[in-house]
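Peer 1: One structure, as structure tokens, below. Some questions next.
In our numbering, the protein residues as written are 748 to 896.
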């Protein structure tokens, strides 16, 4: 198989991966998969540090602060996140999960991931690490090609 012959099967596999993401449980009204990712980061960071700054979420997700602020504001509107100002520095915005946010993390992250882990346990660790590395390489390559337009 030539390198040119590999492009279509790779793109088809990526399309299938996108379809796999679409198999995730149906989310509550107005909630997007990106919101679940933000909730999960807030959950993890809060359990590690006891408090979470908007900047912490932005850094962890490698998303610009304005973009993460928009997502967090949407989550506040949905009722899954609460924002407060730090006592010691009024410039710092802290975020934490509301009870509804904790329910969402439990259902759409912890419980769902546990179910997936049962199936994924059949995959050899070397294979899944190779898959992750390959997908990251493909993403970077496609990003580079699209930026050179």
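C-beta atoms are modelled at their ideal positions from N, C-alpha and C, and glycine is treated no differently.
Small disclaimer: the values here were computed from a predicted structure and weren't measured.
Should residue 803 be labelled buried (16 or more other beta-carbon atoms within 10 Å of its own) or exposed?
Peer 2: With 16 or more other Cβ atoms within 10 Å, it is buried.
Peer 1: With DSSP collapsed to three states, give me the class of residue 799.
Peer 2: Residue 799 falls in the coil class under three-state DSSP.
Peer 1: Touching or not, the region 781-791 and the region 840-856, by the rule of three or more beta carbon pairs under 8 Å?
Peer 2: These segments touch.
Peer 1: Can you tell me whether residue 754 is buried or exposed, with buried defined as 16 or more other CB within 10 angstroms of its CB?
Peer 2: Residue 754 comes out exposed.
Peer 1: Inspect the beta-carbon positions of residue 844 and residue 827 and report whether they are closer than 8 Å.
Peer 2: Cβ distance < 8 Å, so residue 844 and residue 827 count as in contact.
Peer 1: For residue 832, report the span of its beta strand (DSSP E) as first-last.
Peer 2: Start and end: 828-832.
Peer 1: Quick check on this structure: which residue in 800, 748, 877 has the alpha carbon closest to the alpha carbon of residue 838?
Peer 2: Residue 800 is the option with its Cα nearest to residue 838.
Peer 1: Would the region 807-818 and the region 762-769 be scored as touching if the rule is three or more Cβ pairs under 8 Å?
Peer 2: Taking 8 Å as the limit for Cβ pairs, the verdict is that the region 762-769 does not touch the region 807-818.
Peer 1: I think residue 761 touches residue 855, with their Cβ atoms under 8 Å apart; what is that distance to the nearest whole Å?
Peer 2: The Cβ separation is near 23 Å, so there is no contact.
Peer 1: Is residue 821 helix, strand or coil when you go by DSSP?
Peer 2: It is helical.
Peer 1: Smallest Cα separation from residue 863: which of 757, 772, 759?
Peer 2: Comparing Cα positions, the closest option is 772.
Peer 1: Thinking C-alpha only, which one of 847, 836, 794, 750 is nearest residue 824?
Peer 2: Selected option, being the one with the closest Cα: 847.
Peer 1: Quick check on this structure: which residue in 790, 883, 757, 896 has the alpha carbon closest to the alpha carbon of residue 857?
Peer 2: The shortest Cα separation from residue 857 among 790, 883, 757, 896 belongs to 790.
Peer 1: Please report how far the alpha carbon of residue 878 lies from the alpha carbon of residue 836, in whole angstroms.
Peer 2: Taking the straight line from one Cα to the other gives about 43 Å.
Peer 1: Can you list, in chain order, the residues of its chain with a C-beta nearer than 7 Å to that of residue 816? Leave out the 5 residues immediately preceding and following it.
Peer 2: Closer than 7 Å at Cβ, skipping near neighbours: 801.
Peer 1: Given a threshold of 16 other Cβ atoms within 10 Å of its Cβ, counted over all protein chains shown, does residue 779 qualify as buried or as exposed?
Peer 2: By the 10 Å Cβ count, residue 779 comes out exposed.
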